[in-house]
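Residue numbers (UniProt numbering): 1 to 247.
Yeah, the Cβ is synthetic: ideal placement off N, Cα and C, and Gly gets one too.
Keep in mind that this is a model prediction, so the values were computed, not measured.
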């Protein structure tokens, strides 16, 4: 018997009717990933901007470790955070295990290396073009990092979006540290896994459709921003010869 069509129709009705259970999970998921992106993205961009400009012994090793952190499975990150927050762990006194805060911390640890690695590449490319000029004007490492990051702010906006996409779509870390507790720590990815195992396909499909819509919207926004930036750069490059001729 075909269950896909009726399950999909029921899922669409759940979304359209603003089903409280479904949308509470969606809201919690967006809150966790949004806060983690804000924290991890900010820390990662600061570290990445500095690393893109700074030159020190062992820098290449540090960059290799940072790039390696991008490939660490989410469930391993969740395990590390679990050990930190467990009763016998160094942060056990916080009592955060199986809580909203634990999920935010886990996703922050996932987002931070993404934001740092991408920001480093953007700022380092800008440093090659403009770093020498800024240094000749007396700008130090921190000043150049801040100025170049601001100059590349449109590119860094796509870094924020990429970091949020990493957070919203992961399942392993929040499953380990959050426990997938109904009404407290259940987010879209963990709920999809649970509802599928229970055979509640309409709820799983409904959450899956919303999650796909969020990811699709992020990708569309990133693409639109890139095209807008390319058009702006092309327009600026076309105007420069005219200004030069007028001068």
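Start-end ranges of the beta strand (DSSP E) lying completely within the stretch 199-225, minimum 3 residues: none
Anticipated Cβ contact below 8 angstroms, residue 222 with residue 161, distance rounded: Correct: roughly 5 angstroms between the Cβ atoms.
Same chain, Cβ closer than 7 angstroms to residue 242, five either side skipped, listed in chain order: Model confidence at residue 242 stands at a pLDDT of 48, short of 50, so the residue's coordinates are unreliable; what they give is reported in the following sentence. Result list for residue 242: empty, nothing under 7 angstroms.
Of the listed residues 218, 188, 193, nearest to residue 22 (C-alpha basis): It is 188 whose Cα lies nearest to the Cα of residue 22.
Straight-line Cα distance separating residue 144 from residue 151: 10 angstroms
Three-state secondary structure assigned by DSSP to residue 3: Coil.
The stretch 10-26 / the stretch 118-127 touching (three or more Cβ pairs under 8 angstroms): With the cut-off at 8 angstroms, the stretch 10-26 and the stretch 118-127 do not touch.
Touch test, the stretch 195-203 against the stretch 130-142, Cβ-Cβ under 8 angstroms, three pairs minimum: Judged by Cβ distances under 8 angstroms, the stretch 195-203 makes no contact with the stretch 130-142, as fewer than three pairs qualify.
For residue 132, the first and last residue of its enclosing alpha helix (DSSP H): Run containing residue 132: 100-136, per the alpha helix (DSSP H) assignment.
Inter-residue Cα distance where the pair is residue 91 and residue 77: 15 angstroms
Cβ shell of residue 204 (< 7 angstroms), same chain only, five flanking positions each side left out: 192, 195, 196
Residues of its chain near residue 215, where Cβ-Cβ distance is below 8 angstroms and the 5 sequence neighbours each way are ignored: 165, 168, 169
Through-space distance from residue 98 to residue 181, alpha-carbon basis: 8 angstroms
N-terminal and C-terminal residue of the alpha helix (DSSP H) that residue 21 is part of: 20-53
Nearest residue (CA-CA) to residue 114, options 37, 14, 29, 171: The candidate whose alpha carbon is nearest that of residue 114 is 37.
Residue 164 (DSSP reduced to helix, strand or coil): Helix.
C-beta atoms of residue 74 and residue 179 nearer than 8 angstroms: Cβ distance not < 8 angstroms, so residue 74 and residue 179 don't count as in contact.
Supposed close pair residue 72, residue 106 - CB separation, criterion 8 angstroms: Wrong, their Cβ atoms sit about 12 angstroms apart, outside the cutoff.
Contact set for residue 54: own chain, Cβ-Cβ below 6 angstroms, skip 5 residues either direction: 141
Neighbourhood of residue 176 by C-beta distance below 7 angstroms, restricted to the same chain and skipping five residues each side: Excluding positions up to five away in sequence, the list reads 75, 78, 79, 82.
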